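Each step along the sequence shown adds one to the number in my numbering, with nothing skipped, and position 104 is 1244.
Inspection log for the structure reproduced underneath, given as structure tokens.
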Amino acid sequence: MPRMADSASGKPCIFCEIVKGERPAHIVLDTTDALAFLDVRPLFKGHTLLVPRTHVETLPDLPADLVGPYFQHAQRLAAAMESVLGAAGSFVAMNNRVSQSVPHLHVHVVPRNRKDGLRGFFWPRQKYDSDAEAAAYASRLSTALADPA
């Protein structure tokens, strides 16, 4: 019998396979709503991926009632990086579509230490041409957030 796809692309989702126990992973956190496991290509040892058990591709797709619990798990993982791994802090990041290697929502929680070689963000920074341009971007976003559409 053919395997049903977990994602909108029609391809099986690697993270859904991990959630279902069909693909091996080093599990770090296992709850009724989320699963965290070590990244197979970590930035640093302990680099963990947190995924919701339900297949959603991006943060806007995550049901509102799951956002708080999901980020509480991320918060606990970030604390564990310091208390258990002895890291000075952590890097917590998420991509939505662009640079999202697996189309299943996931948060990277990476242990960090000073002078660990990771330099800020992985892309060049930009500047606004003027205060007016920055204000226009802020206004557009603010208007969109004020409209509950």
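For each residue, glycine too, the CB sits at the ideal point set by N, CA and C.
Bear in mind the structure is a predicted one, so any value in this text is a computation, not a measurement.
Taking the straight line between their C-alpha atoms, what separation do you get for residue i and residue j?
| i | j | result |
| --- | --- | --- |
| residue 1211 | residue 1241 | 20 angstroms |
| residue 1232 | residue 1251 | 9 angstroms |
| residue 1163 | residue 1154 | 8 angstroms |
| residue 1205 | residue 1173 | 11 angstroms |
| residue 1160 | residue 1269 | 49 angstroms |
| residue 1255 | residue 1184 | 13 angstroms |
| residue 1271 | residue 1158 | 47 angstroms |
| residue 1234 | residue 1224 | 23 angstroms |
| residue 1279 | residue 1286 | 10 angstroms |
Kindly indicate the opening and closing residues of the beta strand (DSSP E) around residue i.
| i | result |
| --- | --- |
| residue 1170 | 1167-1170 |
| residue 1250 | 1247-1252 |
| residue 1232 | 1229-1233 |
For residue i, count neighbouring C-beta atoms within 10 Å of its own C-beta (all shown protein chains included) and say buried if the count is 16 or more, exposed if not.
| i | result |
| --- | --- |
| residue 1230 | buried |
| residue 1167 | exposed |
| residue 1142 | For residue 1142, the pLDDT reaches just 36, beneath the cut-off of 50, and the residue's location in the model is therefore unreliable, leaving the point undetermined. |
| residue 1209 | exposed |
| residue 1221 | buried |
| residue 1281 | exposed |
| residue 1245 | buried |
| residue 1186 | buried |
| residue 1238 | exposed |
| residue 1190 | buried |
| residue 1192 | buried |
Determine whether the beta carbon atoms of residue i and residue j lie at a separation below 7 angstroms.
| i | j | result |
| --- | --- | --- |
| residue 1188 | residue 1178 | yes |
| residue 1243 | residue 1273 | no |
| residue 1284 | residue 1253 | no |
On a CA-only basis, which of the options is nearest residue i? Give me that one, please.
| i | options | result |
| --- | --- | --- |
| residue 1247 | 1221, 1214 and 1253 | 1214 |
| residue 1201 | 1170, 1223 and 1236 | 1236 |
| residue 1267 | 1258, 1184 and 1277 | 1277 |
| residue 1169 | 1152, 1217 and 1205 | 1217 |
| residue 1171 | 1194, 1182 and 1255 | 1194 |
| residue 1219 | 1191, 1207, 1249 and 1192 | 1249 |
| residue 1182 | 1203, 1258 and 1279 | 1258 |
Is residue i near the ligand PLP, going by C-beta to nearest heavy atom under 6 angstroms?
| i | result |
| --- | --- |
| residue 1183 | With respect to the ligand PLP, the structure offers nothing, as it holds no ligand at all. |
Considering residue i, what are the terminal residues of the alpha helix (DSSP H) in which it resides?
| i | result |
| --- | --- |
| residue 1208 | 1204-1223 |
| residue 1284 | 1271-1286 |
| residue 1184 | No alpha helix (DSSP H) contains residue 1184, which DSSP labels as neither H nor E. |
| residue 1159 | 1154-1159 |
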